[in-house]
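Below is one structure; the comments refer to it alone.
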Amino acid sequence: MASEVYIGRQPIFNRKLKTTAYELLYRDTEDNRSDLSGDAATSRVIINAFIEIGLENIIGPHDAFFKLTRGFLVDQELGIFPPERTVFEVPSDIEVDDTLISAIKALKDQGYRIALDNFVIRKEILPLLAVTDIVKIDTSQLEEEQIRKHVEVLKPKGIKLLAQKVETPEQFNLYQDLGIDFFQGYFFAKPTVVKSKRVPANKMTVMQLLARVNDPNVSMDELAELIQQDVALSVKVLKYVNSPITGLSREIDSIQRALILLGVDMIKYWVSIMAMSDLASEDKADELVTTLLARARTCELLAREVGAENPASYFTVGLFSALDVVMETDMETVLAQLPLIDEVKQALLHLKGDMGQALRCTMALESGFIDEADFHDLDDGTLARINREAMHWADTVRAHAA
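For the sequence shown, position 182 (counting from the first letter as 1) is numbered 177 according to this note's numbering, and the numbering increases by one without interruption.
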């Protein structure tokens, strides 16, 4: 059942750029529905998917935002979702009457929170404010002064504000200054670029390590030597190797032994995670590393699904797909200093080649556009499964690397 449903997510940040929740994007890949609607059959497919997969495997320790239609709000049973971690979104163009208000009050009595989606101040929607916890405003449709007015009207009522479609770091800073509480959009993965800015030597050393570690031709002995040259990295790798996640029964005290027992690919993953985490500066969202890990894993799984050569290079493409964000300079400058094969560079710069197509498909899935996701004519069910597996993998390894 779960393989028939695409489930994606978009992070929601607090003012400190910490992920506090995910808005869940879901679609029955057969009917192309993108919400929990009043259609009982379609809604049951989606709900069963959440039950089968497990909400914890989709959102980790965070809260979940669900878009609902009137039919589902009024007529459907929502008790499968944990009240303490669930926010139901109500569309602002919904028909407001006593039936709807009663249904929302019943949900709030159970402990659920309510968000008004795409809110614009208008008379018809005002009765809903009394039962609303969060108001989501579409920043692409409102001027700065209008947003300021929303803050002035809603804050005194104890309502939190969430800015949607925040697409640049500059917008995030502006809305933060206006008093917005939460932020949604891909600003965290967009570069604040200084053209040809010199990459600091310490960061470039880490980048070169990352590039060499992810070289499909690197030998086990060379990989061990690369890791051992960095004392801090060696300690982190051994800490991971001896953690419960690996399931090893005895303590491992050497990188070489770890490579033999766990395999080159597994150690590569963990070195990449640790190195990328070190590269991302403190003012970058934690979500950026999680996103890059999910991209890397998705690209790799796509390659494996179609039998492509060197799936590890596809992993590298996904992992390096936001180097301009991490390094705060343009992609050309960073890549010029890295020993990467031309296919990887072309994929990163121009989305060219098979690796570029895998990255394009991955980013479409990440953004919730499964209709635009295409790789070797894989069906939507397969793409949905790969996307879901990659998200879960990224969350799991990120949690254990923390």
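Backbone N, C-alpha and C define an ideal beta-carbon position, used for all residues, glycine too.
Environment of residue i [buried if 16+ CB atoms lie within 10 Å]
{"i": "T37", "result": "In this predicted model, T37 has a pLDDT of only 49, less than 50, meaning its place in the structure is not dependable; the value taken from the coordinates is given anyway. By the 10 Å Cβ count, T37 comes out buried."}
{"i": "N9", "result": "exposed"}
{"i": "L102", "result": "buried"}
{"i": "A35", "result": "Residue placement at A35 is flagged as unreliable, the pLDDT there being 49, under the threshold of 50; a coordinate-derived value is accordingly withheld."}
{"i": "G363", "result": "buried"}
{"i": "K13", "result": "exposed"}
{"i": "G74", "result": "exposed"}
{"i": "P151", "result": "exposed"}
{"i": "D70", "result": "exposed"}
{"i": "K279", "result": "buried"}
{"i": "E18", "result": "buried"}
{"i": "A394", "result": "exposed"}
{"i": "H145", "result": "buried"}
{"i": "G3", "result": "buried"}
{"i": "Q254", "result": "Reading off the sequence, residue 254 comes out as Leu, not Gln. So L254 ends up on the buried side."}
{"i": "A379", "result": "buried"}
{"i": "I46", "result": "exposed"}
{"i": "P334", "result": "exposed"}
{"i": "A196", "result": "exposed"}
{"i": "D92", "result": "exposed"}
{"i": "A59", "result": "buried"}
For residue i, the three-state DSSP class (helix, strand or coil)
{"i": "P164", "result": "helix"}
{"i": "R245", "result": "coil"}
{"i": "F76", "result": "coil"}
{"i": "I154", "result": "coil"}
{"i": "A110", "result": "strand"}
{"i": "Q332", "result": "coil"}
{"i": "I89", "result": "coil"}
{"i": "I42", "result": "helix"}
{"i": "A36", "result": "Note that A36 scores a pLDDT of 49, beneath 50, so its modelled location is shaky; the value from the coordinates is reported in the next line. Three-state DSSP puts A36 in a helix."}
{"i": "I129", "result": "strand"}
{"i": "N382", "result": "helix"}
{"i": "F67", "result": "helix"}
{"i": "A303", "result": "coil"}
{"i": "V392", "result": "helix"}
Bounding residues of the alpha helix (DSSP H) (the contiguous stretch that carries residue i)
{"i": "D273", "result": "V259 to L274"}
{"i": "K100", "result": "D93 to D104"}
{"i": "K340", "result": "D337 to H345"}
{"i": "A307", "result": "P306 to L314"}
{"i": "K279", "result": "Careful: K279 lies outside any alpha helix (DSSP H) and carries neither H nor E."}
{"i": "H371", "result": "H371 -> no alpha helix (DSSP H), and no H or E assigned at all."}
{"i": "E361", "result": "G348 to E361"}
{"i": "V321", "result": "L318 to M322"}
{"i": "I120", "result": "Careful: I120 lies outside any alpha helix (DSSP H) and carries neither H nor E."}
{"i": "I53", "result": "E51 to I54"}
Residue i - partner residues in DSSP beta bridges
{"i": "T14", "result": "F8"}
{"i": "T134", "result": "Paired residue(s): none; T134 is not in a bridge."}
{"i": "K62", "result": "E84"}
{"i": "V148", "result": "Per DSSP, none; premise fails for V148."}
{"i": "G3", "result": "L20"}
{"i": "Q251", "result": "Partner(s): none; Q251 has no beta bridge."}
{"i": "Q159", "result": "D133"}
Ranges of the beta strand (DSSP E) found wholly within the region 169 to 228, counting only runs of at least 3: 177 to 179
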